[in-house]
Amino acid sequence: MQFDPIGWLRRIFAPVDPWLFGILMTTLVGAFVVMMSASPERFQAHSVNVIAAMLLMIIAAHMRVQRLYSLALPLYVLGVLLLIAVALFGDTSKGATRWLNIGIGRIQPSELMKIAMPLMLAWYFQRREGSLKVRDFLAAGMLLMVPVGLIAKQPDLGTAILVFGAGVFVIFFAGLSWKLIVPVTALGLAAVVAIISYQSEICSPGVKWPGLRDYQKHRVCTLLDPSSDPLGKGFHTIQSTIAVGSGGILGKGWRAGTQAHLDFLPERHTDFVLAVLSEEFGLVGVIVLVILYGMLIARGLAIAANAPNLFSRLLAGAITMTLFTYAFVNMGMVGGVLPVVGVPLPFVSYGGTALTTLCLGVGILMSIGRYRLRGGKN
Numbered sequence: 567m568q569f570d571p572i573g574w575l576r577r578i579f580a581p582v583d584p585w586l587f588g589i590l591m592t593t594l595v596g597a598f599v600v601m602m603s604a605s606p607e608r609f610q611a612h613s614v615n616v617i618a619a620m621l622l623m624i625i626a627a628h629m630r631v632q633r634l635y636s637l638a639l640p641l642y643v644l645g646v647l648l649l650i651a652v653a654l655f656g657d658t659s660k661g662a663t664r665w666l667n668i669g670i671g672r673i674q675p676s677e678l679m680k681i682a683m684p685l686m687l688a689w690y691f692q693r694r695e696g697s698l699k700v701r702d703f704l705a706a707g708m709l710l711m712v713p714v715g716l717i718a719k720q721p722d723l724g725t726a727i728l729v730f731g732a733g734v735f736v737i738f739f740a741g742l743s744w745k746l747i748v749p750v751t752a753l754g755l756a757a758v759v760a761i762i763s764y765q766s767e768i769c770s771p772g773v774k775w776p777g778l779r780d781y782q783k784h785r786v787c788t789l790l791d792p793s794s795d796p797l798g799k800g801f802h803t804i805q806s807t808i809a810v811g812s813g814g815i816l817g818k819g820w821r822a823g824t825q826a827h828l829d830f831l832p833e834r835h836t837d838f839v840l841a842v843l844s845e846e847f848g849l850v851g852v853i854v855l856v857i858l859y860g861m862l863i864a865r866g867l868a869i870a871a872n873a874p875n876l877f878s879r880l881l882a883g884a885i886t887m888t889l890f891t892y893a894f895v896n897m898g899m900v901g902g903v904l905p906v907v908g909v910p911l912p913f914v915s916y917g918g919t920a921l922t923t924l925c926l927g928v929g930i931l932m933s934i935g936r937y938r939l940r941g942g943k944n
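Quick note on numbering: the sequence shown equals residues 567 to 944 in our numbering.
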């Protein structure tokens, strides 16, 4: 039988959602342009990461929703066991124990939970559809807090926030009562106001913050007043806000950013790549990126709204809002309104792990969209 390359490509790309793919490719092309300025020596490695992540996305898009459902519990259990193994036997680097040596290399199990957590909770609520009670939401909260607690203890606050957010979105979309949401939100706002109001007292060197390490407390305190440690923890915030502000409306031009190219801007290819984009392409460049993110999130929510069952609806909604969390936290961090917690800018920052996780999530969205188009048969 004669080989038909066109037919073969059609079969490969059949489950790929054209809207998601088009938005994602536009974002990645823009990311290549920024990366060529921020860190040209990493361009080749970044290209390899993108190709690998896109292949994984296509593989995920081909997966049946039933297969995702069957993998939810095993992946969650595996992820929790690996996190426990990290706590017991993990490799420590720069004061953090986040990696597990498996002989052929090191893995970071917390990354698995970014996908396993929403899968597990969507599976849990699907099994209880039609008979949800308060105790079911409490049980879901316990399922969520076990991995979040293990990740926060490593410590890895950025990943803990992302895993926690993914789980909370599933619980919220499952029908969590506003009677529970409003008091927790009010308590959180009150805590923020208290921290701002009593900054000088609670940020004193001898004051301990319950549940947080000293360096995490220091990050929050330097966010409130970066000048308190301008050459230490406040340096990132000060330099990134200078870069963002100096870009103006249209920016200084590609590869003409002074903060990045005179080495004032730290981590310019990873956590603070948005500052490079803002300095070189200005407010216009940032607005274009925000529009692309908005279109990606809108498409993901549309897929979630039209999903044929509770499992796929919750999973699609949580993955979509996790993309929002990535972008919101990184932009807030670079803009100096959120603490520096090590969350990359989605699809733009250098780094294979985060890019792989994000593209896997987009592939799952495509699988759910295909499931809907086929009338529930996937």
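The C-beta atom is built at its ideal place from N, Cα and C for all residues, glycine as well. A quick note: this is a predicted structure, and the numbers were derived from the prediction, not measured.
Simplified DSSP assignment, three categories, for residue i
{"i": "Asn896", "result": "helix"}
{"i": "Asp780", "result": "helix"}
{"i": "Arg879", "result": "helix"}
{"i": "Ile762", "result": "helix"}
{"i": "Trp689", "result": "helix"}
{"i": "Trp775", "result": "coil"}
{"i": "Ser605", "result": "coil"}
{"i": "Trp665", "result": "strand"}
{"i": "Arg672", "result": "strand"}
{"i": "Ser659", "result": "strand"}
{"i": "Tyr916", "result": "coil"}
{"i": "Lys745", "result": "helix"}
{"i": "Gln805", "result": "helix"}
{"i": "Ile815", "result": "coil"}
{"i": "Lys699", "result": "coil"}
{"i": "Leu831", "result": "coil"}
{"i": "Cys769", "result": "coil"}
{"i": "Lys719", "result": "coil"}
{"i": "Asn615", "result": "helix"}
{"i": "Trp585", "result": "helix"}
{"i": "Pro874", "result": "coil"}
{"i": "Arg936", "result": "helix"}
{"i": "Val909", "result": "coil"}
{"i": "Trp574", "result": "helix"}
{"i": "Val903", "result": "coil"}
{"i": "Met683", "result": "helix"}
Top-ranked residue by Cα proximity to residue i, from the options
{"i": "Glu845", "options": "Ile857, Leu862, Ile863 and Ala826", "result": "Ala826"}
{"i": "Leu831", "options": "Val714, Leu867, Ala604 and Arg779", "result": "Ala604"}
{"i": "Gly848", "options": "Met602, Gly715 and Ala809", "result": "Ala809"}
{"i": "Ala718", "options": "Thr922, Val907 and Leu931", "result": "Val907"}
{"i": "Trp585", "options": "Ala868, Leu924 and Thr922", "result": "Ala868"}
{"i": "Leu790", "options": "Val759, Leu816 and Phe703", "result": "Val759"}
{"i": "Val909", "options": "Ala740, Met620, Ile727 and His802", "result": "Ile727"}
{"i": "Phe691", "options": "Leu648, Leu639, Ala752 and Gly724", "result": "Leu639"}
{"i": "Arg918", "options": "Ile673, Met629 and Leu753", "result": "It is Gly, not Arg, that sits at residue 918 in the sequence shown. When only C-alpha atoms are compared, the closest one is Ile673."}
{"i": "Leu709", "options": "Ala619, Trp689 and Gly724", "result": "Trp689"}
{"i": "His628", "options": "Ile578, Arg608 and Arg664", "result": "Ile578"}
{"i": "Gly902", "options": "Ala841, Leu924, Met861 and Ser878", "result": "Ala841"}
{"i": "Ile863", "options": "Met932, Gly819 and Ala822", "result": "Met932"}
{"i": "Leu634", "options": "Met686, Val652, Ile650 and Leu621", "result": "Met686"}
{"i": "Ser707", "options": "Pro675, Leu723, Ser676 and Ala740", "result": "Checking the displayed sequence, the identity of residue 707 turns out to be Gly instead of Ser. When each option's Cα is compared against that of Gly707, the closest is Ala740."}
Neighbour-count burial assignment, residue i, 16 or more Cβ in a 10 Å radius
{"i": "Asp583", "result": "buried"}
{"i": "Gln720", "result": "buried"}
{"i": "Thr658", "result": "exposed"}
{"i": "Ile747", "result": "exposed"}
{"i": "Arg834", "result": "buried"}
{"i": "Lys680", "result": "buried"}
{"i": "Gln805", "result": "buried"}
{"i": "Asp837", "result": "buried"}
{"i": "Pro963", "result": "With the chain represented from 567 up to 944, any question about residue 963 goes unanswered, as that position is not in the structure."}
{"i": "Met591", "result": "exposed"}
{"i": "Ile737", "result": "buried"}
{"i": "Asn667", "result": "exposed"}
{"i": "Leu843", "result": "buried"}
{"i": "Val750", "result": "exposed"}
{"i": "Asp829", "result": "exposed"}
{"i": "Ser697", "result": "exposed"}
{"i": "Gly860", "result": "exposed"}
{"i": "Ala619", "result": "buried"}
{"i": "Ile572", "result": "exposed"}
{"i": "Ile617", "result": "exposed"}
{"i": "Asn722", "result": "For the record, residue 722 in the displayed sequence is Asp; it is not Asn. Asp722 comes out buried."}
{"i": "Leu648", "result": "buried"}
Beta-carbon separation (whole angstroms), residue i vs residue j, contact threshold 8 Å
{"i": "Gly927", "j": "Leu880", "result": "Between Leu880 and Gly927 the Cβ distance is about 14 Å, and since that is not below 8 Å, they are no contact."}
{"i": "Pro581", "j": "Arg865", "result": "Their Cβ separation, rounded to whole angstroms, is 15 Å, which puts Pro581 and Arg865 out of contact at 8 Å."}
{"i": "Tyr916", "j": "Met601", "result": "6 Å"}
{"i": "Val945", "j": "Pro713", "result": "Residue 945 lies beyond the residue range present for the chain, which begins at 567 and ends at 944; the question has no answer from this structure."}
{"i": "Phe913", "j": "Leu904", "result": "With a Cβ gap of about 20 Å, Phe913 and Leu904 do not count as contacting."}
{"i": "Phe703", "j": "Gly883", "result": "Their Cβ separation, rounded to whole angstroms, is 16 Å, which puts Phe703 and Gly883 out of contact at 8 Å."}
{"i": "Ala732", "j": "Pro684", "result": "5 Å"}
{"i": "Thr886", "j": "Ala873", "result": "That pair is no contact at about 11 Å."}
{"i": "Leu716", "j": "Leu678", "result": "The Cβ separation is near 12 Å, so there is no contact."}
{"i": "Leu855", "j": "Gly596", "result": "7 Å"}
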